[in-house]
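For reference, the structure discussed in these notes is given below.
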Amino acid sequence: MLPIRVEISNDGKPELVEIISKFGDTQVSAFMEMPTGATKQREFYVSAPNYWSTPTLIVKRGLLESEIPIEIRNGSSYSREESIRVAQISDGLGNLAMLRVTDLKQFQNKPWSSGFEDFSAKPGLAPTRSIGYKSFDILFLGEGSERLTDVEVNAIKGAVLAGMHLVFVGGAFNPVIADPRWQGIVPVVRTDGVQQGRALEWGKALSNVAFPSLTLLKTEARASAFVKREGGINMLVSQEMGAGRVSFIAFNPFDANFRNWGGRFAFMYDLARNLPTESTAERTQEIIDNVMNPYYYGYSESNGIFGIQMPSWNRVAFVLLAYLMIVVPINFLVLRKLKRGELAWITAPLIALGFAGILFGFAGQLYQAEASRSASGVVIAHPNVPELQVIANQQLFFPGSGVYDLKFNGVEHVGSNNSSDEGPFGMAKVSNQFQDFDSITATRYSVSNLAFREFWLYQRLPINSPDMIVYTTRKAGDDLILEGSVINTMPFELNSVTLTGPGISKIFKTIPPGGSEKFQVRTNGPLNVGSGLVIEAYCSPQAFGAQFGTDVSTAGLDFYYDEPLEGL
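For the record, in the sequence shown the residue sitting at position 220 is 213 according to the working numbering, with numbers rising by one throughout.
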């Protein structure tokens, strides 16, 4: 998923321009009012081409339609699974050119089996939706990132919850770290001047070329963060956040000395792949990957999900074979023996009508079934992010044709893993049609009889107070005693609630909205680095996606909330 910015100009009469984005069987339309002389920009989010679909953008001005060619740059010949996608927001758009492959023997004269793809955006022109960062493994906030808009900052926070790795850089003092919008997100609590130095041990592990001398920003790390220290300097401070991670590095990797260092490739690979991870975050990321996996979900599951038994193929085949036998040879021979062949004009339609009734009897429960929906996916919350991040798969069954309002709320993007069928003249048929008015809507979603639909969606839903854990700590020998409450600040019920942490496990059955449960737990020995409190639960999918039909989901959406331990 990559962001595209489209610019439209109007030198003629005032007009309403429609921009249509198509991918597979899904179409999203956005509208721009264009006064005379106006020039406007609009963001779109397109999927990378695959073997069954390619993204298409069409500009419709009155009766005139024109396609905007989409050229998605692939920075290397490596597959998505092997390459690492590194992005930056910075005034220096060429900084990441240092990662472009010029020599395959880039690490201790050994063949380099992977590669990098680099992406850049200036502050104020970065994606304003979390989905715009979905494809990036790492995002660096470089020079000028303090000028990011509030909308861009919130989008980045949501992207981290959904699995991205956000990196704050050091070097000479970075004003981004002191920006109050990032407080609680940055894994360091304060800075304390700079000094010149090298990451000697880290450098030795990455290259046979000595680590360059760089300006290092001295910091104090959060108590719950993972820290790599050298010479009294916190070289790397990192902690998990939702399904993603936030890190601080003491130096600026865009410094000229670092850009020319032979170990820069191995450093980036190490930063992207070799940091410690928690099992809860890994499970959350696995759910997200499954939601968007075209081979994981499919209509083949609809029978069990919606409690509808489709007629078996062998039963239908037997009825059709019996019809052919009766309507042609048997009907013909009987009427011939009776010497009343002219009655075939009457008996053949009656036989056909009888067999149609038999088939309708097999499929009768399909027409009697209720409109139904089933959702699966994950809801992620964090105490320092005022929005929920929801990544869900939505399956719908429509027994009758018509136009429906799916009542979307806060949907950033909606897509499908299915290719589009083609009509008689080669034109693609579109099953899912949506509109984009700052968020995706589906107020007039049209379907035919007995329709199954499946799509995945990204949502960001605002909440008044995301802080779900209130606690105090006190020492008891090597152990730590935590006392407090788990408070359900969400607008929905939480079921099968589990509170976990280092040496901590507490289970609650159900916590209604606004409800709370007290706890007192004792750790088993001192805390490990990277420690935090995690709430895992299930929540009702009625709060998300399509508010349509009867909910037939079995468990609901996985709920995940993590909070770094403080005050230790």
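All C-beta atoms in this analysis are idealised placements derived from N, C-alpha and C, irrespective of residue type, glycine included. Please read all numbers here as calculations on a predicted model, not as lab measurements.
- Distance check between Lys15 and each of Ala41, Asp4 and Val202 places Ala41 closest, using alpha-carbon atoms only.
- Runs of beta strand (DSSP E) with 3 or more residues, each lying fully within the stretch 86 to 163, are found at 109 to 114, 131 to 134 and 158 to 162, listed in chain order.
- In terms of CA proximity to Gly30, Gly5 leads the group Thr491, Ile280, Gly5 and Asp551.
- Here Arg140 is near Gly117, since their CB atoms are less than 9 Å apart.
- Approximately 42 Å separates the beta-carbon atoms of Asn411 and Phe247; this is outside 8 Å, ruling out the contact.
- Thr340 and Asn324 have their C-alpha atoms roughly 8 Å apart.
- Residue environment: Leu317 is assigned as exposed (fewer than 16 neighbouring CB atoms within 10 Å of its CB, all protein chains considered).
- Gln232 is positioned such that its CB atom lies closer than 9 Å to that of Pro557.
- About 13 Å separates the beta carbons of Ala435 and Phe391, which is beyond the 8 Å limit, so they are not a contact pair.
- Within the same chain, Ser478 come within 7 Å of Lys511 by CB-CB distance, once the 5 residues on both sides are set aside.
- Contact annotation: the stretch 138 to 158 does not touch the stretch 422 to 434, with fewer than three C-beta pairs closer than 8 Å.
- CA-CA distance, Lys211 to Lys115, rounds to 27 Å.
- Counting other Cβ atoms within 10 Å of its Cβ, Lys332 stays below 16 and is therefore classed as exposed.
- The beta carbons of Leu454 and Val407 sit no closer together than 9 Å.
- DSSP places Arg329 in the helix class (H, G or I) of the three-state scheme.
- For Leu550 against Ser369, the beta-carbon gap comes to about 7 Å, under 8 Å, which counts as contact.
- Per DSSP, Trp195 is one residue of the alpha helix (DSSP H) stretching across Leu193 to Leu199.
- A distance of 9 Å or more separates the beta carbons of His375 and Met228.
- Around the C-beta of Arg437, fewer than 16 other C-beta atoms lie within 10 Å, and the residue is accordingly described as exposed.
- Per DSSP, Phe512 is one residue of the beta strand (DSSP E) stretching across Ser509 to Arg515.
- Beyond the five residues adjoining it in sequence on each side, Val378 comes within less than 6 Å, by CB distance, of Lys150 in the same chain, given in chain order.
- For the pair Met(-6) and Lys127, the Cα-to-Cα distance works out to about 6 Å.
- In this structure, Thr493 keeps its C-beta atom at 9 Å or more from the C-beta atom of Glu447.
- Annotated three-state conformation of Glu275 is helix, per DSSP.
- Ranked by how close their Cα comes to the Cα of Arg54, the residues Leu9, Ser76 and Ile178 have Leu9 in first place.
- Within the same chain, Cβ atoms closer than 7 Å to the Cβ of Gly156 are found at Ala236, Gly237, Gln278 and Ile281, the five residues on either side in sequence being excluded.
- Beta-bridge annotation (DSSP): Ser458 is not paired with any residue.
- For Leu264, the enclosing alpha helix (DSSP H) begins and ends at Arg257 to Arg266.
- Taking all protein chains shown into account, Pro173 has fewer than 16 neighbouring C-beta atoms within 10 Å of its C-beta and is therefore exposed.
- Taken through DSSP and simplified to helix, strand or coil, Leu346 comes out as helix.
- Annotation: Ala31 is outside any beta strand (DSSP E) and is labelled neither H nor E by DSSP.
- Taking C-beta separations shorter than 7 Å and ignoring five residues to either side along the sequence, the partners of Ser394 in its chain run Val440, Ser441 and Asn442, following chain order.
- Beta-bridge partners of Pro557 (DSSP): Gly525.
- Here the C-alpha atom of Ile51 lies approximately 46 Å from the C-alpha atom of Val181.
- With a threshold of 16 other beta carbon atoms within 10 Å, Phe541 meets it and is buried.
- With fewer than 16 neighbouring CB atoms inside 10 Å of its own CB, Phe311 falls in the exposed class.
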